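> My numbering applies: residue 27 is where the sequence shown begins, and numbers increase by one.
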Amino acid sequence: MRIARVASRAQLGLAAPPVQVEVHLGGGLPTFSIVGLPTTAVRESKDRVRAALAIGKFEWPAGRITVNLSPADLPKDGCRYDLPIALGILVASEQLKVADERLAGCEFYGELGLAGELKPVRGVLLAAAHAARAGRNVVVPVGNLAEARLVSPAGSRCAATLLEVCEQLRARNGAARVDAIVEPAGAPASPSTTALDLVDVRGQSAPKRALLVAAAGAHSILLVGPPGTGKSMLAQRLPGLLPPLEADEALDVATIASVSLRGFEPRNFGQRPFRAPHHSASASAVIGGGPHARPGEVSLAHRGVLFLDELPEFNRAVLESLREPLETGMVAIARAALQVEYPARFQLVAAMNPCPCGYLGDVSGRCRCAPPVIARYRARISGPLLDRIDLRVEVASLPSEELLGDGTQAAAGMTSAAAARRVHDARHRQYRRAGKLNADLSGKEIQEYCRLERRSRMLLAQARERLNLSARAMHRALRVARTIVDLEMLDLENETGPDRTIGPAHLAEALQLRRAID
Ligand SMILES: [Zn+2]
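#1: When burial is assigned at 16 or more other CB atoms within 10 Å of the CB, is glutamine 488 buried or exposed?
#2: My guess is that valine 147 and glutamate 137 are in contact by the Cβ rule of under 8 angstroms, so how many angstroms apart are they, rounded?
#3: What do you get for asparagine 494, buried or exposed, if any count of 16 or more other CB atoms within 10 angstroms of its CB means buried?
#4: Going by CA-CA distance only, name the one from Leu485, Gly131, Leu463 that's closest to arginine 508.
#5: Does DSSP put threonine 187 in a helix, a strand or coil?
#6: Could you compute how far the alpha carbon of glycine 439 sits from the alpha carbon of methionine 356?
#7: Taking histidine 454 as the reference, give the member of Glu353, Leu516, Arg28 with the closest Cα.
#8: How would you call tyrosine 457, buried or exposed, if buried means at least 16 neighbouring beta carbons within 10 angstroms?
#9: I'd like to know whether the C-beta atoms of leucine 188 and glycine 142 end up nearer to each other than 8 angstroms.
#10: Listed in chain order, which residues are found with a beta carbon closer than 6 angstroms to a heavy atom of ligand 1?
#11: DSSP has glycine 314 in a bridge; who is on the other side?
#12: Is the beta carbon of serine 119 sitting closer than 8 angstroms to the one on proline 97?
#13: Three-state secondary structure (DSSP) at leucine 138?
#14: By DSSP's criteria, alanine 280 is part of a beta bridge. Which residues make up the other side?
#15: Just the C-alpha distance for glutamate 491 and arginine 392, rounded to the nearest angstrom, thanks.
#16: What does DSSP give as the partner residues of serine 178 in its beta bridges?
#17: Under 8 angstroms by Cβ, that's how I've got proline 380 and valine 225 pegged, so tell me the actual separation to the nearest angstrom.
#18: Hey, out of Leu467, Arg448, Gln538, whose CA is closest to leucine 486's CA?
#19: Please state whether DSSP places alanine 36 in a helix, a strand or coil.
#20: Just the Cα atoms here: how many angstroms apart are glycine 53 and phenylalanine 295?
#21: What residue range is occupied by the uninterrupted beta strand (DSSP E) comprising alanine 236?
#22: Which of the three DSSP states is assigned to aspartate 368 in this structure?
#23: What are the boundary residues of the alpha helix (DSSP H) that includes valine 166?
#24: Three-state secondary structure (DSSP) at threonine 92?
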């Protein structure tokens, strides 16, 4: 019996455990079986492998062919094993002669087309990152090279066909088709959310100011207002106010995208995600799941913005399932016998109409919604979810000239670049102080870092009584007030001076910024 072993990897959430593809050739009646818990997709690869070998003018070995994907207890999905299976058959039947250590130094990924061409597969970025850590090269389809090279620039090879892989393996000096590949056009050509400028949204100085505060402290925000007032426009501009992704954050974002249904676009590398699922989206689309336990919108929005327009229209189960990621920054997806976890640390921006018709409180006076109808509409968003939203802001249909004084007026004409600079500085201050952003401060940290002036303490006590604030609501107000002070510190001379305590004006603004729909 002749045996060949070819290395590859499975994908399990964001883990990429090694898989050994073993091909045994034996005597007896001709059979071809794949063992090791293959799904339908793996079984289908039999036909593709057979066709690709025929196209490549290779011989189909006589006798029993057994392919074992080990370890057997790993679930294996997808078509990524086509290439290692085909190579295993060629090596075992000695149609491809390649030194053992040469073969062992590489991992192989790729689906075979019926004409022997290699088609891109999902999750290559993740696999290549793990291979690089294990000191192995990867051989991937041409369409996957750009993502593989992000994590393994020196160790990524690509090929267009099965034949080309064989040629590369046979070549004495290991000449590989890596330099011949035309780089995907350098600059990101896609219209990105960073291209949208705050200054293009007319009026709305109060919501813009709220967006600045949200960006600076990573606070989640709910925008409440009639249709057509620019809630979506405002939400889309939040990524442009946030600092660029750190290198490891960018890799996390790319890795999640690479295992998602839509796959990863190399030209989007380094961009803050902005995800806006429709309110009809299913729980598995938003949270993740399906037969392959793919990441959902909450994970695709990791390190970026999740925008939920028409919040009350979302399925109740979807809204409830947001609580876990909002609390922990992770989601767990149970699938058959195993559980997969994905990171989901996103900034939530939600929008809703004030009532079912959308025009409650509008100057037109056209709203005829009865109070019980309005109450039912708002009750679709549960208290616990609402509790996790720090800022609740009204977006009126007319640019109202304003209640809040200087800070708000200045916000009306603010460019995204100017806002982003302030956000950057305010975040820097927060990291220096607490090692985290204000939205993530725990109850204990709030006591330590959100010190109040004496007059502010009195104001808070009054507000608590008058507005019937819960302990959670008070914490939210204090976190937001801290961010407001951090933004203000930037305008002061002594920027590196000690932290200021929260004054009555800061606290008043923070309380105001959570008033909508109370
Ligand atoms: Zn109405």
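Backbone N, C-alpha and C define an ideal beta-carbon position, used for all residues, glycine too.
These figures come from a predicted structure and were not determined experimentally.
Once the coordinates are examined:
#1: exposed
#2: Yes, valine 147 and glutamate 137 are in contact; Cβ-Cβ is about 5 angstroms, under 8 angstroms.
#3: exposed
#4: Leu463
#5: strand
#6: 37 angstroms
#7: Leu516
#8: Exposed, by the Cβ-count rule.
#9: yes
#10: For ligand 1, the residues with a Cβ under 6 angstroms from any of its heavy atoms are, in chain order, Cys381, Pro382, Cys383, Tyr385, Leu386, Cys393, Cys395.
#11: Pro321
#12: no
#13: strand
#14: Paired residues: none, contrary to the question.
#15: Cα to Cα, the separation comes out at about 34 angstroms.
#16: Beta-bridge pairing links serine 178 to no other residue.
#17: The pair is not a contact, with the Cβ atoms about 27 angstroms apart (cut-off 8 angstroms).
#18: Gln538
#19: coil
#20: Rounded to the nearest angstrom, the two C-alpha atoms are 50 angstroms apart.
#21: Looking at the DSSP string, alanine 236 is not in any beta strand (DSSP E); the run it does join, the alpha helix (DSSP H), is 231-243.
#22: Per the sequence presented here, residue 368 reads as tyrosine, with aspartate not at that position. Strand.
#23: That residue, valine 166, is in no alpha helix (DSSP H); its beta strand (DSSP E) goes 163-167.
#24: strand
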